[in-house]
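Asker:
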Amino acid sequence: MTAIARDQWYVAAYSSEIGPELFARTICGEPVLFWRTRGGQVTAMADRCVHRRFPLSQAPSRLVDDQVVCGYHGFTYGSDGKCVAVPGQTRIPRTARLLSYPLVEQDSLVWVFIGDPKLADASRIPRAAYLDSPDYTTVRGMEPLRARYALLVDNLLDLSHETYLHGGYIGTPEVASTPITTEVDDEAGIVYVSRHMDNAECPPFYSKSTGLHGRITRWQDIEYTPPCLYKLHSRIAPVGSVPNPDGSDPDAFHVEVVYAITPETEHSTHDFWLVARDFALDDDEVSAFLAASNRTVVLQDVEALTVLERFIATEAPGAQELSINIDTGGLAARRMLQRMSAVS
Amino acid sequence: MNRPLVSGKRVYRVHWVLGADRLLAICHCSAEREFEDPIELWEWLLAHPVGHDGTPADPAPSPLELNLVVQRKETIADGVVRLTLRHPDGRPLPAWEPGSHVDLVLADDLVRQYSLCGDPSDSSALHVAVLREPAGRGGSRHVHDTLTAGQQVRVRGPRNHFRLVEAKRYLFIAGGIGITPILPMLDAVSASGRDWRLVYGGRTRSAMAFRSELERRFPGNVEIHPQDEDGLLDLPTLLAEPSDNTVIYCCGPESLLAAVEQRCEGWPAGVLHVERFTPKADGPREAFEIELAQTGGVLTVPADRSILDVVEQAGVAVLSSCHEGTCGTCETGVLAGAPDHRDAVLTEEERQAGDAMMICVSRSCSPRLVLDL
Numbered sequence: 001m002t003a004i005a006r007d008q009w010y011v012a013a014y015s016s017e018i019g020p021e022l023f024a025r026t027i028c029g030e031p032v033l034f035w036r037t038r039g040g041q042v043t044a045m046a047d048r049c050v051h052r053r054f055p056l057s058q059a060p061s062r063l064v065d066d067q068v069v070c071g072y073h074g075f076t077y078g079s080d081g082k083c084v085a086v087p088g089q090t091r092i093p094r095t096a097r098l099l100s101y102p103l104v105e106q107d108s109l110v111w112v113f114i115g116d117p118k119l120a121d122a123s124r125i126p127r128a129a130y131l132d133s134p135d136y137t138t139v140r141g142m143e144p145l146r147a148r149y150a151l152l153v154d155n156l157l158d159l160s161h162e163t164y165l166h167g168g169y170i171g172t173p174e175v176a177s178t179p180i181t182t183e184v185d186d187e188a189g190i191v192y193v194s195r196h197m198d199n200a201e202c203p204p205f206y207s208k209s210t211g212l213h214g215r216i217t218r219w220q221d222i223e224y225t226p227p228c229l230y231k232l233h234s235r236i237a238p239v240g241s242v243p244n245p246d247g248s249d250p251d252a253f254h255v256e257v258v259y260a261i262t263p264e265t266e267h268s269t270h271d272f273w274l275v276a277r278d279f280a281l282d283d284d285e286v287s288a289f290l291a292a293s294n295r296t297v298v299l300q301d302v303e304a305l306t307v308l309e310r311f312i313a314t315e316a317p318g319a320q321e322l323s324i325n326i327d328t329g330g331l332a333a334r335r336m337l338q339r340m341s342a343v344s
Numbered sequence: 345m346n347r348p349l350v351s352g353k354r355v356y357r358v359h360w361v362l363g364a365d366r367l368l369a370i371c372h373c374s375a376e377r378e379f380e381d382p383i384e385l386w387e388w389l390l391a392h393p394v395g396h397d398g399t400p401a402d403p404a405p406s407p408l409e410l411n412l413v414v415q416r417k418e419t420i421a422d423g424v425v426r427l428t429l430r431h432p433d434g435r436p437l438p439a440w441e442p443g444s445h446v447d448l449v450l451a452d453d454l455v456r457q458y459s460l461c462g463d464p465s466d467s468s469a470l471h472v473a474v475l476r477e478p479a480g481r482g483g484s485r486h487v488h489d490t491l492t493a494g495q496q497v498r499v500r501g502p503r504n505h506f507r508l509v510e511a512k513r514y515l516f517i518a519g520g521i522g523i524t525p526i527l528p529m530l531d532a533v534s535a536s537g538r539d540w541r542l543v544y545g546g547r548t549r550s551a552m553a554f555r556s557e558l559e560r561r562f563p564g565n566v567e568i569h570p571q572d573e574d575g576l577l578d579l580p581t582l583l584a585e586p587s588d589n590t591v592i593y594c595c596g597p598e599s600l601l602a603a604v605e606q607r608c609e610g611w612p613a614g615v616l617h618v619e620r621f622t623p624k625a626d627g628p629r630e631a632f633e634i635e636l637a638q639t640g641g642v643l644t645v646p647a648d649r650s651i652l653d654v655v656e657q658a659g660v661a662v663l664s665s666c667h668e669g670t671c672g673t674c675e676t677g678v679l680a681g682a683p684d685h686r687d688a689v690l691t692e693e694e695r696q697a698g699d700a701m702m703i704c705v706s707r708s709c710s711p712r713l714v715l716d717l
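First to last, the sequence lines map onto chains D and W.
Just so we're aligned, residue 1 is where the first sequence starts under this note's numbering, counting upward by one.
Just so we're aligned, residue 345 is where the second sequence starts under this note's numbering, counting upward by one.
1) To which residues does DSSP link Asp-539 of chain W through a beta bridge?
2) Spatial neighbours of Leu-389 of chain W within its chain, please: CB distance less than 7 angstroms, with the 5 preceding and 5 following residues excluded, ordered by chain position.
3) Step through the CB atoms of chain W and report whether any lies within less than 8 angstroms of the CB of Glu-30 of chain D.
4) Report the residues of the region 179-209 of chain D with a CB closer than 7 angstroms to any CB of chain W, ordered along the chain.
5) Give a yes or no on whether the minimum CB-CB distance between Ser-341 of chain D and chain W is below 8 angstroms.
6) Taking Pro-525 of chain W and His-445 of chain W to be in contact with their CB atoms under 8 angstroms, please state how far apart those CB atoms are, rounded to whole angstroms.
7) Flag this pair as touching only if the region 320-333 of chain D and the region 376-394 of chain W have three or more C-beta atom pairs under 8 angstroms; answer yes or no.
8) State the CB to CB distance for the pair Thr-138 of chain D and Leu-274 of chain D, rounded to an integer number of angstroms; the pair is presumed to be in contact (CB under 8 angstroms).
9) Short of 6 angstroms in beta carbon distance, which residues of its chain neighbour Ala-280 of chain D, apart from the five on each side in sequence? Order them along the chain.
10) With a Cβ-Cβ cutoff of 8 angstroms, do Arg-146 of chain D and Glu-266 of chain D count as a contact?
11) Tell me whether Tyr-514 of chain W is buried or exposed, calling it buried when 16 or more other Cβ atoms sit within 10 Å of its Cβ.
12) Is the CB-CB distance between Glu-668 of chain W and Cys-704 of chain W below 8 angstroms?
13) List the whole-angstrom C-beta distance separating Asp-158 of chain D from Gly-330 of chain D, where the pair is believed to meet the contact cut-off of C-beta under 8 angstroms.
14) If the cut is a Cβ gap below 7 angstroms, which residues of chain W does Ala-332 of chain D touch?
15) Let me know the secondary structure DSSP gives Met-142 of chain D once reduced to three states.
16) Helix, strand or coil for Phe-279 of chain D per DSSP?
17) What does the alpha-carbon distance come out to for the pair Arg-416 of chain W and Ser-234 of chain D?
18) Closer than 9 angstroms between beta carbons: that is the criterion. Which residues of the region 582-597 of chain W meet it against chain D?
19) Suppose contacts are defined by Cβ-Cβ distances below 8 angstroms. Is Thr-76 of chain D in contact with Cys-83 of chain D by that definition?
20) Sorted by chain position, which residues of the same chain lie with C-beta nearer than 8 angstroms to Phe-253 of chain D's C-beta, five sequence neighbours on each side aside?
21) Since Asp-716 of chain W contacts Gln-657 of chain W with CB under 8 angstroms, what's their CB separation in whole angstroms?
22) Which residue comes first and which comes last in the beta strand (DSSP E) that contains Thr-345 of chain D?
23) Name the chain D residues whose beta carbon is nearer than 9 angstroms to that of Leu-721 of chain W?
24) Give me the subset of the region 47-80 of chain D whose CB atoms are less than 8 angstroms from a CB atom of chain W, sorted by chain position.
25) Examine chain W for any beta-carbon lying closer than 8 angstroms to the beta-carbon of Asp-7 of chain D, and answer yes or no.
26) Among residues of its own chain, excluding the 5 on either side of Gly-672 of chain W, which ones have a beta-carbon nearer than 6 angstroms to its beta-carbon?
27) If you count every other CB in all the chains shown that lies within 10 Å of the CB of Ala-288 of chain D, and 16 or more means buried, which is it?
28) How many Å lie between Phe-54 of chain D and Cys-70 of chain D at the Cα?
29) Apart from the five residues on each side of it in sequence, which residues of its chain come closer than 6 angstroms, Cβ to Cβ, to Met-45 of chain D?
30) Quick check for students: name the residue ranges of the beta strand (DSSP E) that lie wholly in the region 536-585 of chain W, counting only runs of 3 or more.
31) Whose C-beta lies closer than 6 angstroms to the C-beta of Val-487 of chain W among residues of the same chain, with five residues either side of it excluded?
32) Go ahead and pull the three-state DSSP assignment for Asn-412 of chain D.
33) What in chain D is Cβ-close to Glu-694 of chain W, meaning under 9 angstroms?
34) Given that a residue counts as buried once 16 or more other Cβ atoms are within 10 Å of its Cβ, and exposed if not, what is Asp-574 of chain W?
35) Under DSSP, the alpha helix (DSSP H) around Ile-651 of chain W begins and ends at which residues?
36) Just to confirm, are Ala-200 of chain D and Ala-3 of chain D a CB contact at a threshold of 8 angstroms?
Take a look at the structure:
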């Protein structure tokens, strides 16, 4: 049985990826075709002609006046997925239509709903308004990951691995040796993992971007809304600094690290990553540095998880996998995902 | 200890101070407990309210979906296996009444209904008995050949479309594996001291599930009629005299159900209760007429054939492909009459519009359909 939760919203792309050309991506095992119409709306429909199943994203299929013409026999579909022309006859079969997916574009992300469209409630999509705010500057990327998405969830919910896998970038000894509070909000469907280091070494990722050196206050507050959106609220400040009672926090640097964890298939994942900051907004050097550093970190994870996937894919069932205290958040996330994929 | 991050009504909180090696779990009900193992911790925390504040275990939940484990799979008659299903954590299973069935989700597109044939008062396990049907559509084959003890299987239900009603006297008629929903009914009616009789037919003695158990437990009430010894059940004698005080419960193959229904036509309404094993989506199949508007002529579609079959045989060319209602190729206009849509491609609105149908699988709710053929 599938481990992918259906009847859920997933990030399919960045808004900037989809223009007035055909764009295809497989989401949760379903090939989806996108384009941006002349009216500016993004469409999402099955990337497969109902006739002889040719992928509509595949040349010589093409987009003509907001209609996609199948490159095999010329079946033509409108932006609502309805067939408007079939070759050699005037009657258009009623069921000649492409499954179209509920779609929401917000916070610079394109979300699609995988599952029963009747259950698509756009208000359930978690928000990350800073990704599209003039008060922040965001760098982003997407790495294909040849591993099941649950491995990336495990990875991101336990940041103690930063000390080992990402030493020299974002890891310092304190990350793996600081108290953690894990919270699960069952009603909202969110896992929080909080680690506040009040006197920590400043890793290069933050010293080069903020200009702070030596010892710092470093807070990591993870907010994961299964299955797809992972947000790490990172607060970097001089030692002793705390936010004001009114919530303002002028001495601190805020970095919002976001991952959208979207299954491509049962054994591969789209690893979308974004880093938004509220300082040095126009400093291209800081942007380039954060983009390059985060990508390096993501690629370190991708390399490790690819090896892990290959390894566990061939492992006999029932092999030991031990969990310890640092896995408290990851185990909570797994439970939520299991529950989601059990009911879908 | 860190400040709480959120303040919802259902927030579980876990504090871990490094070096202490202990996790402190705090439930939203304010129950607290320390753990050394995070897996045990979540089992306790998420089991709320079980074990929090001494609350007893949750009563069995209402109809829903559960992942159960096949604890046992045993052959109980020729071609019949019985599955014993339990909750992986040993939790109590939903309550059910005699006549109930569950859906077994054997694969994403393989969902089958099986009657519960165990003891309704035992909340620790569910039992179903499955006959291998070589000509079936794969459900029984999957249970027999693929499913093994230890595997998980998704179970929906239980639901009951075959409820046991109050009556003075009961006549149960079972054919083959149709004994399964009737079995729990027998315990219920004997416990209440009612007058009852079971007439149970099957191909051969050794193919009749639960036969010896029935003979042993209810020697005076049960008649066993293997077909190779006694021939078909003697329905004309059995159902000769209508009776106001007797209700009839019948389950078995379509031929038995149809024969019993026919015999009971003169009986008072509401006396006969039948359970069909055909999949719900398929529904009952009855004969009806079709009128071909373009070609002219009226044809009869018998219960065991499709419209597509009948029109093709009459020489009317219709394009078709999947023959299972999934491709949309055989779409045909409906000019009059009410189609009984059984395809998987039309939307609800299109079904209600009723002006087109997939004639490979869909049938008719009205005695006649006028088709644009």
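We put the beta carbon where it would ideally sit given N, CA and C, even for glycine.
Answerer: On the basis of the supplied data:
1) Locating residue 539 of chain W in the second sequence gives position 195, where the first residue counts as 1. For Asp-539 of chain W, which the question treats as bridged, DSSP gives the partners W:Arg-513.
2) If you number the second sequence from 1, residue 389 of chain W lands on position 45. Answer for Leu-389 of chain W: Tyr-356, Ala-369 and Cys-371, listed in chain order.
3) On the first sequence, residue 30 of chain D is found 30 positions in, with the first residue counted as 1. By this cut-off, Glu-30 of chain D is not an interface position.
4) Pro-179, Ile-180, Thr-181, Thr-182, Glu-183, Val-184, Asp-185, Asp-186, Glu-187, Ala-188, Tyr-192, Ser-194 and His-196
5) Taking the first sequence and counting its residues from 1, one reaches residue 341 of chain D at position 341. No, its Cβ sits nowhere closer than 8 angstroms to a Cβ of chain W.
6) On the second sequence, position 181 is the one that residue 525 of chain W refers to. On the second sequence, position 101 is the one that residue 445 of chain W refers to. Rounded, the Cβ-Cβ distance is 7 angstroms, consistent with contact.
7) yes
8) Here residue 138 of chain D corresponds to residue number 138 of the first sequence, with the count starting at 1. Here residue 274 of chain D corresponds to residue number 274 of the first sequence, with the count starting at 1. Contact holds; Cβ gap of about 6 angstroms.
9) Stepping through the first sequence from its first residue, residue 280 of chain D is reached at position 280. Taken in chain order, the residues that qualify are Val-286.
10) As a first step, residue 146 of chain D is located in the first sequence; it is residue number 146 there, counting from the start. As a first step, residue 266 of chain D is located in the first sequence; it is residue number 266 there, counting from the start. Contact: no.
11) Locating residue 514 of chain W in the second sequence gives position 170, counting from the first residue. Per the 10 Å Cβ criterion, buried.
12) To locate residue 668 of chain W, count along the second sequence from 1; it is residue 324. To locate residue 704 of chain W, count along the second sequence from 1; it is residue 360. Yes, they are a contact pair.
13) Here residue 158 of chain D refers to the residue found at position 158 when the first sequence is read from its first residue. Here residue 330 of chain D refers to the residue found at position 330 when the first sequence is read from its first residue. The Cβ separation is near 5 angstroms, so the contact holds.
14) Residue numbering aside, residue 332 of chain D sits at position 332 when the first sequence is read from its first letter. Simply Trp-386.
15) On the first sequence, residue 142 of chain D is found 142 positions in, with the first residue counted as 1. In the structure shown, Met-142 of chain D sits in a strand (DSSP, three-state: E or B).
16) Residue numbering aside, residue 279 of chain D sits at position 279 when the first sequence is read from its first letter. If DSSP states are grouped into helix, strand and coil, Phe-279 of chain D belongs with coil.
17) Counting from 1 along the second sequence, the entry for residue 416 of chain W is found at position 72. Counting from 1 along the first sequence, the entry for residue 234 of chain D is found at position 234. About 52 angstroms.
18) none
19) Position 76 of the first sequence, counted from the start, is the residue given in the question as residue 76 of chain D. Position 83 of the first sequence, counted from the start, is the residue given in the question as residue 83 of chain D. Contact: yes.
20) Counting from 1 along the first sequence, the entry for residue 253 of chain D is found at position 253. Same-chain partners within the cutoff: Tyr-206, Ser-209, Thr-210, Leu-212, Arg-235, Ile-236, Ala-237, Arg-277, Asp-278 and Phe-279.
21) One-based indexing of the second sequence puts residue 716 of chain W at position 372. One-based indexing of the second sequence puts residue 657 of chain W at position 313. About 19 angstroms separates the two Cβ atoms, so there is no contact after all.
22) In the structure as shown, chain D begins at 1 and stops at 344. Residue 345 of chain D is therefore absent and cannot be evaluated.
23) Residue coverage of chain W in this structure runs from 345 to 717, which leaves residue 721 of chain W outside it and unanswerable.
24) Val-50
25) As a working note, residue 7 of chain D is residue 7 in the first sequence. Judged by the 8 angstroms Cβ criterion, Asp-7 of chain D is not in contact with chain W.
26) Here residue 672 of chain W refers to the residue found at position 328 of the second sequence. Result list for Gly-672 of chain W: Val-689, in chain order.
27) What you label residue 288 of chain D is simply residue 288 of the first sequence in a count that begins at 1. Label assigned to Ala-288 of chain D: exposed.
28) Translated into the one-based positions of the first sequence, residue 54 of chain D becomes position 54. Translated into the one-based positions of the first sequence, residue 70 of chain D becomes position 70. Straight-line Cα distance between these residues: approximately 7 angstroms.
29) Here the question's residue 45 of chain D lines up with position 45 in the first sequence. Contacts found: Leu-33, Gly-81, Leu-98 and Ser-100.
30) 539-546 and 566-570
31) Position 143 of the second sequence, counting from 1, holds the residue named residue 487 of chain W. These residues qualify, in order along the chain: Val-474.
32) The structure shown does not extend to residue 412 of chain D, since chain D is modelled only from 1 through 344, so no value can be given for it.
33) Stepping through the second sequence from its first residue, residue 694 of chain W is reached at position 350. What Glu-694 of chain W touches in chain D: Arg-94 and Thr-95.
34) Taking the first residue of the second sequence as 1, we reach residue 574 of chain W at position 230. So Asp-574 of chain W ends up on the exposed side.
35) Within the second sequence, the letter at position 307 stands for residue 651 of chain W. 651-657 is the span of the alpha helix (DSSP H), which, as asked, contains Ile-651 of chain W.
36) To locate residue 200 of chain D, count along the first sequence from 1; it is residue 200. To locate residue 3 of chain D, count along the first sequence from 1; it is residue 3. For Ala-200 of chain D and Ala-3 of chain D, no; Cβs fall outside 8 angstroms.
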